[in-house]
Amino acid sequence: MIELRNVTKLYGTVIGVNDISASLAPGAYGLVGPNGSGKTTLLSLITGQLRPTMGSIRVFGEPPWNRDALLRTIGLCPAVDVLFSNVSALDWVRYLVELHGFGRREARRRAEQALDQVGMSAHMKRMIGTYSLGMRQRTKLAQAFAHDPELLILDEPFNGLDPIGRFQMTSVLRAWIRAGRSLILASHILHEVEAISPSFLLIRGGRLLASGPAEEVHTMVDTKTEAPVSEVVSAIRIRCSDPRLLARKLVESGLIESISFVDNRQVVLLATCQPNVVFERLPHWLDELNIRVDEMQSPDESLENLFSSLMRMHRGEVS
Amino acid sequence: MLHGALSVFRFELRRTVTWSRVAIWLILVAFPIFIVSVMKYCERYFDPTLAEGPSIREVPTIRGNDGRLTQVTINHNGRVRVYEQVEVPDSNGRLTKKKVLRPTDPGTETNGQSRQPGDETPPDNPEIAAAIETADGEGAFSGEPNGSATADETSSYQEPRYPPWLWGGVLFGLIPEVITLFGLLLWITPLVHAELEGKTWVFLASRPRGRVSVLVGKYLTGVTWTLLAGLVSTTVCILIARPDDALRFWWAIMALVAFSCVSYGSMYSLFGVLFRRRAMVIAVAYTLIFEFLVSFIPAVINQLTVQYRLRNLLVTWLDWRDLMPPEAMILLGNEPAWLQMLVLCGVTVVLLVAAGVAIQRKEYVTASDV
Chain A
978 MIELRNVTKL YGTVIGVNDI SASLAPGAYG LVGPNGSGKT TLLSLITGQL RPTMGSIRVF
1038 GEPPWNRDAL LRTIGLCPAV DVLFSNVSAL DWVRYLVELH GFGRREARRR AEQALDQVGM
1098 SAHMKRMIGT YSLGMRQRTK LAQAFAHDPE LLILDEPFNG LDPIGRFQMT SVLRAWIRAG
1158 RSLILASHIL HEVEAISPSF LLIRGGRLLA SGPAEEVHTM VDTKTEAPVS EVVSAIRIRC
1218 SDPRLLARKL VESGLIESIS FVDNRQVVLL ATCQPNVVFE RLPHWLDELN IRVDEMQSPD
1278 ESLENLFSSL MRMHRGEVS
Chain B
218 MLHGALSVFR FELRRTVTWS RVAIWLILVA FPIFIVSVMK YCERYFDPTL AEGPSIREVP
278 TIRGNDGRLT QVTINHNGRV RVYEQVEVPD SNGRLTKKKV LRPTDPGTET NGQSRQPGDE
338 TPPDNPEIAA AIETADGEGA FSGEPNGSAT ADETSSYQEP RYPPWLWGGV LFGLIPEVIT
398 LFGLLLWITP LVHAELEGKT WVFLASRPRG RVSVLVGKYL TGVTWTLLAG LVSTTVCILI
458 ARPDDALRFW WAIMALVAFS CVSYGSMYSL FGVLFRRRAM VIAVAYTLIF EFLVSFIPAV
518 INQLTVQYRL RNLLVTWLDW RDLMPPEAMI LLGNEPAWLQ MLVLCGVTVV LLVAAGVAIQ
578 RKEYVTASDV
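Chains as they are written, first to last, in the working numbering: chain A, 978 to 1296; chain B, 218 to 587.
Structure below.
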């Protein structure tokens, strides 16, 4: 599906991506890396927004730069926020579908269908300026797949989503993969990607550090006596209406490594090796216990640890 | 591509109807109207002897009881002027009749008096009364005028009106030049910059022919907004100015607005595509230096400007070639109007194609990419 051969992109003297080579067959991939690692640049190169300074890229057998026919097969959901405040989601998505060559009626039908799939049908005629961040994210996702592409490329799609929004987004993307379509999901949160995609591309400083299924990355790190992906501990911070009750439930679940209360006992701070399972079950527990979440953060230091290990390997510091 | 461009055009037209844009549009429309209104108000003070053309009206000469020959003119503002025929010696010493503005007669209604339309009160001055009765017919007043006077003969009188070339020059300078250029600068030049700043570029550029569709769609939107401003402004200005042959004037100015919009619009589109950051500054500099300075250089180089073509079309369409002084003809060409229009259309197509090629090939790097 995608062939990257020694792809380098320079912005003047700044390196965007550095000598990346990879071959991706049709399927679902997670592009994981910290902020500023070159994920967006790589996606821009794949979608033909940028031209590689060196190396070559082929997507579905063609170089993507200036290939309009290729753009019909790609759906892109960029990380940037939608800033049209005086346009409704329906009008905006319909407009973008029209640009794929669909007639006005067909574009409207597809826009309505896509917005319905992301749970926006009740609000799609409201102005985008009145939407929450999560609603804007869902609208962005709708415009990416409304024209029925073969490959969906998502850049940080979970930004700003609450637990329920994340759950819904995850469900939509899993359904997309189950339908046999291809997906590239870029994120700086490891467990977000793990929840959806079985394969990773780990990128940092513009370099591809590791790629392949989670098990392969796991084995690779494990053999170098570093912490494997599945054993990396993730920290989650939850400010809610009843921290004690939530803590009891978390302990009973057996999914956590440690738990503590901080910030005048208003915040639960937990550490887990299975953040995906926790995030999947959390909405049900909150609903069951009638607990309101005010704030939830996942600093994801685990990813930093993992990347530090991979960088050391890359530099040859770990034998 | 056309389908995409029309989609962008429809979307942009709807999206850009905002208070701020409507306010700018109204300012653009109102600016020439204000200038023309002020000029029209001052027209009554214009020296009619400077005017040329068909603003001459036949008025009766009145012989008063004292035997003096006077002429009373009432202009369209109701302003009354009394002229007296005097005999003055010419350069050969022969006496010739000359019309002079009569000084104010103490206690009587005379020079400088204004009358409201429909005013039936007889004026004190019998000469004025006779002039009005001659113009409006018997029984123009509710009562008998004081004294009596008779219409003796008629002679020509020039109303205080600007010459038509002055109105043409002002309207050309204000509408196809100033407001069209401002409108296009505001709405077409930032066509790429606005999308990049609004972070919406990536959504459009990831569509097939999305870049070219944005270019053509936004070009059409900018031209439509500006053309509408030009249409409203031209119509209102001509209604206020009321030049002779107003319909022809309207057509000429509107056609110039249209040509100005499409040709300058394509030029600013190219600037917008090539210069992402300071496109507007560069476009203003180009317009001032090339279109306003170079176009007035009496050399072949001025033929490379849009301004030269528009100026020639104005002079041709309003039949001013015979009125122009010979020195002004250096700045004008002798090409026929169809050739000027063909050149403008050609320039528009070439610049739009160049902008299309550039937008398709240019990389637009955003802050989020780096």
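Here a beta-carbon is modelled for each residue, glycine too, at the ideal position from N, C-alpha and C.
When DSSP reads this structure, A/Phe-1238 sits in a beta bridge with A/Val-1245.
With a threshold of 8 Å between beta carbons, B/Lys-416 makes contact with chain A. Secondary structure note for B/Ser-423: it is in no alpha helix (DSSP H), with a DSSP letter that is neither H nor E. When DSSP states are grouped into helix, strand and coil, B/Cys-478 belongs to the helix group.
In this structure the region 1128-1142 of chain A lies against the region 1016-1033 of chain A, because at least three pairs of beta carbons, one per stretch, are closer than 8 Å. For the region 418-432 of chain B, the set of residues with a beta-carbon nearer than 8 Å to any beta-carbon of chain A comprises Val-419, Phe-420, Leu-421, Ala-422, Ser-423, Arg-424, Pro-425, Arg-426, Gly-427 and Ser-430, in chain order. Cβ contact annotation for A/Met-1031 (same chain, cutoff 6 Å, sequence separation greater than five): Thr-985, in chain order. Against chain A, the beta carbon of B/Ser-224 has neighbours under 7 Å at Tyr-1072, Glu-1075 and Leu-1076, listed in chain order.
Only exposed fits A/His-1261, as fewer than 16 other CB atoms lie within 10 angstroms of its CB. Bridge partners of B/Pro-306 according to DSSP: B/Leu-312.
The beta-bridge partner set that DSSP reports for A/Ile-1173 is empty.
Scanning chain B for C-beta atoms nearer than 7 Å to the C-beta of A/Asp-1058 yields Lys-416, reported in chain order.
Shown here is that no member of the region 475-490 of chain B has a Cβ falling below 7 Å from a Cβ of chain A. Straight across, the Cα-Cα distance linking A/Ala-1152 with A/His-1100 is about 22 Å. Contact with chain A is found for B/His-220, since one of that chain's Cβ atoms lies less than 8 Å from the residue's Cβ. For B/Phe-507, no chain A residue has a Cβ inside 7 Å of its Cβ, as the nearest lies near 31 Å away. Listed along chain A are Tyr-1072, each with a C-beta nearer than 7 Å to that of B/Phe-228. For a cut-off of 8 Å, the C-beta gap from A/Glu-1127 to A/Arg-1158 is around 6 Å, short enough to register as a contact. In this structure, B/Phe-248 and B/Ile-405 do not form a Cβ contact; the two beta carbons are roughly 19 Å apart against a cut-off of 8 Å. Leaving aside the five residues that flank B/Ala-458 on each side, the residues in its chain whose CB is nearer than 7 Å to its CB run, in chain order, Val-253, Lys-257 and Trp-384. Any Cβ of chain A closer than 8 Å to the Cβ of B/Arg-232 would place that residue at the interface, and such an atom is present.
Between the beta-carbon of A/Ser-1275 and that of A/Ile-1141 there is about 16 Å, and that puts the pair past the 8 Å contact cut. Segment contact: the region 1069-1077 of chain A against the region 221-240 of chain B, three or more CB-CB distances shorter than 8 Å; contact assigned. Less than 8 Å divides the Cβ of B/Trp-442 from the Cβ of B/Trp-242. Near chain A, meaning a CB-to-CB distance below 8 Å, the residues of the region 555-580 of chain B are Gln-577, Arg-578 and Glu-580.
Closest by C-alpha distance to A/Arg-1184, out of A/Val-994, A/Glu-1234, A/Ile-979 and A/Leu-981, is A/Val-994. If the five residues before and after A/Gln-1243 are omitted, its C-beta is found closer than 7 Å to the C-beta atoms of Arg-1216 and Pro-1220, all from its own chain and listed in chain order.
Contact note: B/Thr-235 reaches chain A through Asn-1063, using a C-beta cutoff of 9 Å and chain order.
Within the same chain, Thr-1147 and Asn-1253 come within 6 Å of A/Ala-1172 by CB-CB distance, once the 5 residues on both sides are set aside. Among the residues facing chain B, A/Arg-1151 is not included, as its CB has no counterpart in that chain under 8 Å away. Restricting attention to B/Leu-559, B/Leu-568 and B/Ala-516, the CA atom closest to the CA of B/Ser-486 is found in B/Leu-568.
Residue range 236-259 is occupied by the alpha helix (DSSP H) that includes B/Pro-249. Rounded to whole angstroms, B/Met-558 and B/Arg-526 show a C-alpha spacing of 8 Å. The Cβ-Cβ distance between A/Leu-1047 and A/Pro-1041 falls below 8 Å. Residue burial is scored here from C-beta neighbours: B/Asp-539 has fewer than 16 other C-beta atoms within 10 angstroms and is therefore classed as exposed. B/Met-218 and B/Ala-575 have their C-alpha atoms spaced approximately 16 Å apart.
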